[in-house]
Structure formats: structure tokens, C-alpha cells
Amino acid sequence: MRLILLGAPGVGKGTQAQRLATERGIPQISTGEILRDAIKRGTPLGIQAKSFMEAGNLVPDDVVIGIIRDRLSRSDGADGFILDGFPRTVAQAQALDRMLLDSGAGGIDYVVNFEAPNQEIISRLSGRRTCPDCQAVYHVEHAPPRQEGRCDKCGAALVQRTDDKPDTIAARLKVYDQQTSPLIDYYRERGLLRQLDATAPIDSVYRNLRSLVQGTKSR
Ligand code: AMP
């Protein structure tokens, strides 16, 4: 199964991708996660990406396309993968099409577009807390950890991402509208788009996501 999860930041793509990837035994590939890890480790990639991310802007296309090219060349994606947060521009989508064509391994099966109103997204992003160690995601009201401020899975202290602060949230939503939402038409025109109501409770979104991709071949 080769899947792209599309949708505004904070709409729940990461949570659902993590669950589906675990169930199917395929990698969840999150460019945001790869970039945050590079920042944490202070690598040249991290140093290059940091200021873009902190301002809520996109990291330049050539940088993220390079990340995906490297990541997809690894053998763990041979049976499929879930892309979460990539592509985010039409240029990235075109580069991905070319990469998959050149690899000869076949194209994307489905692109699932997570839909939710802006107000809901703002509330989710501002209440989101993440585990810096195992990347688990919580929400202070809708999905709180058992012990306040601590990750249920590994016990680490939860953090609020710097780009989940109010000013940056507004910038990220604008970037999404201007640069990423054109991908909805891009994939609709190619017959790959499936719409998903992302406002439902987490378990029900997951059931709907599974049924949308049920017919997808395992590769
Ligand atoms: P995310 O965790 O997907 O919300 O991504 C966090 C931030 O990483 C974004 O706001 C961008 O600054 C950067 N980023 C992640 N994926 C991409 C991408 N495909 N293209 C450009 N920038 C990205």
C-alpha cells in the first residue's frame, strides 16, 4: 500500500498514519519528523531547516525532495509506505511522481484528504502536546495522557512544539491554503483522491480510513 495523507497541519494525519503503519507493518514517513530529528541532532539539514520551520514556512522543495528520495531508496518501503506531510507543494508532488516512475515500482494507490474546519484545527494545534522521545501525540483536552505532562508510552516529559504557538499556527494555515491545498485538485484530477471527515473521534476516523484503503493491494 502506497498512501499519501493530505490535510492541514494538526488535522490528525500523524496519529492515524502511525496507527495504520503499525497495523500494516509499513513505514510512516513524516518529513516534519525527519526535519525535527535533524534539528535535535544539530545536523546541517537541521541547521538549514530550523528558521523556516520556526516561522511556520515550508522548507525549500529541493531539500525535502532530497529527504524523500533518500528515504524511499531504503528497503523497508518495498511493501509500501504512508507519506505524512509530503508532498506539500505541486512541485513536490511532481517530483514524487517522477521518482516512483523512475523506480519502476508503481505509483501511489490513494491520497486521503483529511477535512476539518479551520476553527477545529486551531483548537487541535494549540492543545497538542508531543513526546520528544517516541513522537506520541496527545491533546490537553481530547486525548490527555494518563499522568499530566508525561508520555503514556515512555514516560518522557511532553512538550509543545514551537510551531504550535498561536502566531506560527496562523502562518502555517496560510501556507497550507496557498501552497498545499492545490494538491487536492492535483490528485483529484488523477483519480486518486479520497475524502475523509477528520472531525469525528479518533477511533472512528481510523475505522473510516481503513475502509477507504481496504481494497488497496499489499506490495
Ligand atoms: P509537520 O510535522 O508535518 O507539521 O511539519 C512541520 C514543519 O516541517 C512544517 O511546518 C514545515 O516547516 C516543515 N515541513 C514538513 N514537511 C514539509 C514538506 N513536505 N515541505 C516543506 N516543508 C515541510
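Here the numbering used here is used: position 175 in the sequence shown is 288, and no number is missing along the way.
No residue lacks a Cβ here, since even glycine has one placed at the ideal position from N, Cα and C.
Does the beta carbon of residue i fall short of 7 Å from some heavy atom of the ligand AMP?
| i | result |
| --- | --- |
| Arg-237 | no |
| Asn-170 | yes |
| Phe-199 | yes |
| Phe-165 | yes |
| Ser-143 | yes |
| Pro-295 | no |
| Arg-285 | yes |
| Val-177 | yes |
| Leu-148 | yes |
So residue i is in the alpha helix (DSSP H); what residue range does that whole segment cover?
| i | result |
| --- | --- |
| Arg-301 | 295-302 |
| Ile-282 | 279-288 |
| Arg-323 | 315-326 |
Return the CA-CA distance between residue i and residue j, expressed in angstroms with no decimal places.
| i | j | result |
| --- | --- | --- |
| Thr-156 | Leu-309 | 36 Å |
| Tyr-319 | Gln-129 | 6 Å |
| Lys-266 | Pro-258 | 9 Å |
| Leu-325 | Met-114 | 12 Å |
| Gln-292 | Gln-207 | 14 Å |
Terminal residues of the continuous beta strand (DSSP E) containing residue i?
| i | result |
| --- | --- |
| Val-225 | 223-228 |
| Thr-135 | Where Thr-135 is concerned, there is no enclosing beta strand (DSSP E), although the alpha helix (DSSP H) it sits in stretches over 126-137. |
For residue i versus residue j, is the C-beta spacing smaller than 8 Å?
| i | j | result |
| --- | --- | --- |
| Ile-315 | Ala-270 | no |
| Arg-137 | Gly-193 | yes |
| Leu-118 | Asp-210 | no |
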